[in-house]
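Inspection log for the structure reproduced underneath, given as structure tokens.
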Amino acid sequence: MANLPIVQFEEKILETVEQHPVVVLIGETGSGKSTQLSQMLHRRGYTKSGIIGVTQPRRVAAVSVARRVAQELDVPLGEEVGYAIRFEDRTSERTRIKYLTDGVMLRESLANPELNEYSVIILDEAHERSLNTDILLGLMKRLVKRPASNLKVLITSATLDGDKVSKFFSNCPVMTVPGKLYPVEILYSKERPKSYLETSLKTALDIHIKEPEGDVLIFMTGQDDIEKLVSKLEEKIRSLEEGSCMDAIILPLHGSLPPEMQVRVFSPPPPNCRRIIVATNIAETSLTVDGVVYVIDSGYVKQRQYNPSTGMYSLDVVQISKVQANQRAGRAGRTRPGKCYRLYPSTVYHDDFLDVTVPEIQRSSLAGTVLYLKSLDLADIDILKFDFLDSPSSESLEDALKQLYLIDAIDENGLITKVGRTMAELPLEPSLSRTLMAANEYGCLSQALTVAAMLSAETTLLPGRSKNTEKKRKHNHVDLPDGSGWGDHIQLLQIFECWHRTNYDIDWCKDNGLQVRGMKFVKDVRKQLSQIMQKIAKGPLDVETSRRWEESQHNYLNLRKALCTGYANQLAERMVYHNGYRTLGFKPQVVQVHPSSVLKPDDDGKLPEYVLYHELIATSRPYLRSVCSVDIKWVTPIIEKVNKLNVIKLSGGINHIEEGTEGINSNLPKKEVVVAGVPDKPDDRIQAARERFLARKGKK
DNA sequence: GAGCACTGC
68 MANLPIVQFE
78 EKILETVEQH
88 PVVVLIGETG
98 SGKSTQLSQM
108 LHRRGYTKSG
118 IIGVTQPRRV
128 AAVSVARRVA
138 QELDVPLGEE
148 VGYAIRFEDR
158 TSERTRIKYL
168 TDGVMLRESL
178 ANPELNEYSV
188 IILDEAHERS
198 LNTDILLGLM
208 KRLVKRPASN
218 LKVLITSATL
228 DGDKVSKFFS
238 NCPVMTVPGK
248 LYPVEILYSK
258 ERPKSYLETS
268 LKTALDIHIK
278 EPEGDVLIFM
288 TGQDDIEKLV
298 SKLEEKIRSL
308 EEGSCMDAII
318 LPLHGSLPPE
328 MQVRVFSPPP
338 PNCRRIIVAT
348 NIAETSLTVD
358 GVVYVIDSGY
368 VKQRQYNPST
378 GMYSLDVVQI
388 SKVQANQRAG
398 RAGRTRPGKC
408 YRLYPSTVYH
418 DDFLDVTVPE
428 IQRSSLAGTV
438 LYLKSLDLAD
448 IDILKFDFLD
458 SPSSESLEDA
468 LKQLYLIDAI
478 DENGLITKVG
488 RTMAELPLEP
498 SLSRTLMAAN
508 EYGCLSQALT
518 VAAMLSAETT
528 LLPGRSKNTE
538 KKRKHNHVDL
548 PDGSGWGDHI
558 QLLQIFECWH
568 RTNYDIDWCK
578 DNGLQVRGMK
588 FVKDVRKQLS
598 QIMQKIAKGP
608 LDVETSRRWE
618 ESQHNYLNLR
628 KALCTGYANQ
638 LAERMVYHNG
648 YRTLGFKPQV
658 VQVHPSSVLK
668 PDDDGKLPEY
678 VLYHELIATS
688 RPYLRSVCSV
698 DIKWVTPIIE
708 KVNKLNVIKL
718 SGGINHIEEG
728 TEGINSNLPK
738 KEVVVAGVPD
748 KPDDRIQAAR
758 ERFLARKGKK
């Protein structure tokens, strides 16, 4: 602890904090800011008047940093020093230093908007610009402005643009503490490679043959590329002449690897053996691999972004920012001086790369965020004018208002409704929280709770799709229910009910190719949601999972109706001549049901006329993921509501769209997005469908 | 008939 750089600055930091309500502290990796800052303030007596709260964007970080601070202060974890993350509150009345995720802090602020149990709030890792931290930045600005506020706010980050944040907080002081990184030599390519996969392969082999020992970390964009590169590397290394160089083990590292595979990167290599780790940007911040001396940086990252005019997400490979490039390079200098091979010229770095990554708030659907802000009842505030460090586009905010209106969370004047208030209490996206409320009315709450919980975990349910698990899964999947033809939401419900009937047998999950961790997570979420619903209802509700099979043997009418209420903004209509769909409520998009869906066509081969979808995402083409068949009778009133919608009124009477602005997310890395042009009037649509049909026939 | 980076309440 004594040799951490930040310790030398203790007096100066404390002096600055005493004189200013907000201080920005820039500390590079290894400065000790996450563990030392809270202790310094504690020593200076800031814990006498309240708690010191430190937010983290990630759960593991909150836990591990709290554990270390408790150790350094020699107190049991959960007493003076504690942490709070979802499903796990290890704090007590004695807790004075509390580490928590930014999401938990937002929940606390909902219950207690003044956050007055805190004397100091530290927003750590603010440079990552997580959606939650960005909202907290805006809230902190309001809190310190209160006349009698004693609250101290510290914003700490590795590479944040200090001047920008300082300006945001009325020119607060910015302090810089050095880090403890070793120098990293940056080597640029002469030009962009034709195939960054081949170039990575060649560079890695060069390093392995010529350079002294030390592990290699390669940044790729996704699982596919990682698997290809891993097998090519294995092949090449095997063919190297025996004894010509040291041994090597190749390790893939990405989010869909099972945890036991991920932790392999933490065990040191056998002697005289080099590790080559091929990773996604999970290794940029989330996981720190020791022993890395060489970094190979492709310069790309796979990023998810939202288009508010089409309601569509896309997953694009885009250039990284300068901040990300430097973060990647820094991974080579943790244990000794290192080298970073950038597979792009320095002109690309300087001229093409954005300075900072586009913050998440400008890449996401904001319905949940806007609902949250509305429910805080911030005095005299127009949501479209909320003071964000980087404001989302007005189009994105208006899209959020539209969504909220269609699911009754706000009224036609943009004011939050009683329904909306209850929805904000639930840790779910608005479509699902609205579904729960409707389900409660229709008497199918327990089923809806299960669906909501399953959807919250969906991506962690199925194991990674590597070649050999694929066959195994297909084989075992015959035993899993199929949604009785109604679609994926129903299938998810049936799967959980099956598991429930086995008394939550772990082997059943394994036998059916479901990730045990994911299923346990579903159980936890479901329990949490049930408790919140009971609390809101101020009395017992029927939240028990059905045990009897026959209860599920009807057509899930009420559940599908409840889902339709919640997904009023995510409906699609089938095309006349084929099984493609056209989205309703947005600029219409022609989309396909994802092939993995269990939705069944009827005897004529036709899919249902109307479906709701959980997600619309463009990968190789635009796909509806997780769909459920709905009745036209439920859809008609929603379409009427869409047609009557008045965005100007919703935004509080003022039209915020300025003429001539570039529109949505104009600062996003550019990528051509192909949007199918669909005529709006039904007659035209039929005509267009016929033309496409004939065109396709003609081709054959 | 395709397959998705990473977080979080």
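Take the position in the first sequence, starting the count at 1, then add 67; the result is the number in our numbering. Using N, Cα and C, we set each Cβ at its ideal position, and we do this for glycine too.
Original post:
When the Cα atoms are used, what is the spatial distance from Trp553 to Leu666?
Top reply: Position 486 of the first sequence holds residue 553. Position 599 of the first sequence holds residue 666. Looking at the two C-alpha atoms, the distance is approximately 6 Å.
Original post:
Between Phe236, Thr650, Ala392, which lies nearest to Tyr408 when the distance is taken from Cα to Cα?
Top reply: Residue numbering aside, residue 408 sits at position 341 when the first sequence is read from its first letter. Nearest of Phe236, Thr650, Ala392 to Tyr408, Cα basis: Ala392.
Original post:
Taking the Cβ atom as the reference point for each residue, do Val241 and Asp230 lie within a distance shorter than 8 Å?
Top reply: Residue 241 sits at position 174 when you count from the first residue of the first sequence. Residue 230 sits at position 163 when you count from the first residue of the first sequence. In this structure, Asp230 lies closer than 8 Å to Val241 by Cβ.
**OP:** Along the alpha helix (DSSP H) that carries Ala520, what are the first and last residues, could you check?
**Re:** Taking the first residue of the first sequence as position 1, residue 520 is located at position 453. Element bounds for Ala520: 512-528.
Original post:
Under the criterion of a Cβ to heavy atom distance below 7 Å, does Asp357 qualify as lining the ligand FAD?
Top reply: Among the components of this structure there are no ligands whatsoever, and the ligand FAD is therefore not found.
**OP:** Give the DSSP-derived three-state secondary structure of Ser551 in the structure shown.
**Re:** Counting from 1 along the first sequence, the entry for residue 551 is found at position 484. Correct three-state label for Ser551: helix.
Original post:
Can you tell which of Ala685, Thr424, Gly652, Ala635 has the C-alpha that lies nearest to the C-alpha of Gln659?
Top reply: Mapped onto the first sequence, residue 659 falls at position 592. Nearest in C-alpha terms to Gln659, of all of Ala685, Thr424, Gly652, Ala635, is Ala685.
Original post:
What residue from Phe154, Pro412, Ser388 has the CA that sits closest to Ser256's CA?
Top reply: The count along the first sequence starts at 1 and reaches residue 256 at position 189. Considering only alpha carbons, the answer is Pro412.
Subject >> Cross-strand partners of Phe154 (DSSP beta bridge) >> reply: On the first sequence, residue 154 is found 87 positions in, with the first residue counted as 1. In the DSSP output, where bridge partners are listed per residue, Phe154 has none listed.
**OP:** Pull up the distance between the alpha-carbon of Leu421 and that of Val390, whole angstroms please.
**Re:** Taking the first residue of the first sequence as position 1, residue 421 is located at position 354. Taking the first residue of the first sequence as position 1, residue 390 is located at position 323. Taking the straight line from one Cα to the other gives about 8 Å.
Original post:
What residues are listed by DSSP as bridge partners for Pro804?
Top reply: The structure shown does not extend to residue 804, since the chain spans only 68 to 767, so no value can be given for it.
**OP:** To the nearest angstrom, report how far apart Lys115 and Glu184 are at their CA atoms.
**Re:** Taking the first residue of the first sequence as 1, we reach residue 115 at position 48. Taking the first residue of the first sequence as 1, we reach residue 184 at position 117. Spanning the two alpha carbons is a distance of roughly 11 Å.
Original post:
If you draw a straight line from the alpha carbon of Leu344 to that of Pro319, how long is it in whole angstroms?
Top reply: Here residue 344 refers to the residue found at position 277 of the first sequence. Here residue 319 refers to the residue found at position 252 of the first sequence. It should be noted that the sequence gives Ile, not Leu, for residue 344. If I take the Cα positions, the gap works out to 6 Å.
Original post:
DSSP three-state call for Lys231: helix, strand or coil?
Top reply: In the first sequence, residue 231 corresponds to position 164, counting from 1. In the structure shown, Lys231 sits in a helix (DSSP, three-state: H, G or I).
Original post:
Nearest CA to the CA of Lys628: which residue from Leu204, Leu638, Trp701, Phe76?
Top reply: Within the first sequence, residue 628 is the residue found at index 561, counting from 1. It is Trp701 whose Cα lies nearest to the Cα of Lys628.
Original post:
Should the segment 83-99 be called in touch with the segment 208-223, which here means at least 3 C-beta pairs below 8 Å?
Top reply: Here the segment 83-99 lies against the segment 208-223, with 3 or more beta-carbon pairs under 8 Å apart.
**OP:** Enumerate in chain order the residues of its own chain whose CB-to-CB distance from Pro548 is below 7 Å, with the five nearest sequence positions on each side excluded.
**Re:** Position 481 of the first sequence holds residue 548. If we look at Pro548 and ignore the five residues flanking it on each side, its Cβ neighbours are Gln558, Gln561, Ile562, Cys565.
Subject >> Cβ-based neighbour list, Leu499, same chain, cut-off 7 Å, excluding 5 preceding and 5 following >> reply: Position 432 of the first sequence, counted from the first residue, corresponds to residue 499. Ala519, Leu522, Gly633.
Original post:
Roughly how many angstroms lie between the CA atoms of Leu626 and His556, to the nearest whole one?
Top reply: Residue 626 sits at position 559 when you count from the first residue of the first sequence. Residue 556 sits at position 489 when you count from the first residue of the first sequence. Using only the alpha carbons, I get a separation of about 10 Å.
Subject >> Cβ neighbour criterion (16 or more within 10 Å) applied to Cys695 >> reply: Within the first sequence, the letter at position 628 stands for residue 695. When all chains shown are included, Cys695 counts as buried.
Subject >> Coarse secondary structure for Cys312, derived from DSSP in three states >> reply: Position 245 of the first sequence holds residue 312. Residue state, collapsed to three classes: coil.
Subject >> Where Lys369 falls: helix, strand or coil (DSSP) >> reply: Against the first sequence, residue 369 aligns to sequence position 302. Correct three-state label for Lys369: strand.
**OP:** Taking the CB atoms as reference points, tell me whether Leu272 and Lys234 lie closer together than 8 Å.
**Re:** Here the question's residue 272 lines up with position 205 in the first sequence. Here the question's residue 234 lines up with position 167 in the first sequence. Note that the C-beta distance between Leu272 and Lys234 is not below 8 Å.
**OP:** Under the assumption that Thr162 contacts Glu181 (Cβ atoms under 8 Å), give the Cβ distance between them as a whole number of angstroms.
**Re:** Sequence index remark: in the first sequence, residue 162 carries index 95 (1-based). Sequence index remark: in the first sequence, residue 181 carries index 114 (1-based). Actually they do not touch by this definition, with Cβ atoms about 19 Å apart.
**OP:** Thinking Ser388 and Val415 are a contact (beta carbons under 8 Å), I'd like their distance in whole angstroms, please.
**Re:** As a first step, residue 388 is located in the first sequence; it is residue number 321 there, counting from the start. As a first step, residue 415 is located in the first sequence; it is residue number 348 there, counting from the start. 12 Å between Cβ atoms; not a contact.
**OP:** State yes or no: is the C-beta of Tyr113 within less than 8 Å of the C-beta of Val171?
**Re:** Position 46 of the first sequence, counted from the start, is the residue given in the question as residue 113. Position 104 of the first sequence, counted from the start, is the residue given in the question as residue 171. For Tyr113 and Val171, no; Cβs fall outside 8 Å.
Subject >> Residue from Val425, Thr355, Leu410 whose Cα sits closest to the Cα of Thr402 >> reply: In the first sequence, counting from the first residue as 1, residue 402 sits at position 335. Answer by Cα proximity: Thr355.
Subject >> DSSP bridge partner residues for Lys406 (one or two, in chain order) >> reply: Numbered from 1 along the first sequence, position 339 holds the residue referred to as residue 406. Partner(s): Glu252, Tyr361.
Original post:
Since Ser105 contacts Ile119 with CB under 8 Å, what's their CB separation in whole angstroms?
Top reply: Position 38 of the first sequence, counted from the start, is the residue given in the question as residue 105. Position 52 of the first sequence, counted from the start, is the residue given in the question as residue 119. Sure, about 5 Å apart at Cβ, within 8 Å.
Original post:
From this set, Val251, Ile152, Ser176, which residue's C-alpha is nearest Gln123's C-alpha?
Top reply: Position 56 of the first sequence, counted from the first residue, corresponds to residue 123. The shortest Cα separation from Gln123 among Val251, Ile152, Ser176 belongs to Ile152.
Original post:
Hey, quick one: how far does the alpha helix (DSSP H) through Ile768 stretch, first residue to last?
Top reply: Residue 768 is absent from the model: the chain starts at 68 and stops at 767.
Original post:
Quick one, are the C-beta atoms of Leu503 and Met600 less than 8 Å apart?
Top reply: Within the first sequence, residue 503 is the residue found at index 436, counting from 1. Within the first sequence, residue 600 is the residue found at index 533, counting from 1. Yes, the Cβ-Cβ distance between Leu503 and Met600 is below 8 Å.
Original post:
Any idea what DSSP makes of Thr424, helix, strand or coil?
Top reply: For the purposes of this step, residue 424 is taken as residue 357 along the first sequence, with counting starting at 1. Thr424: coil per DSSP, three-state reduction.
Original post:
The alpha helix (DSSP H) spanning Lys115 covers which residue range?
Top reply: The count along the first sequence starts at 1 and reaches residue 115 at position 48. Lys115 -> no alpha helix (DSSP H), and no H or E assigned at all.
Original post:
Rounded to a whole number of angstroms, what is the C-alpha to C-alpha distance between Glu725 and Ser376?
Top reply: Sequence index remark: in the first sequence, residue 725 carries index 658 (1-based). Sequence index remark: in the first sequence, residue 376 carries index 309 (1-based). Confidence is the limiting factor: at Glu725 the pLDDT is only 41, short of 50, which leaves the residue's position unreliable and the question unanswerable from this model.
Original post:
Run through DSSP, which three-state label would Cys340 get?
Top reply: Indexing the first sequence from 1 puts residue 340 at position 273. In the structure shown, Cys340 sits in a strand (DSSP, three-state: E or B).
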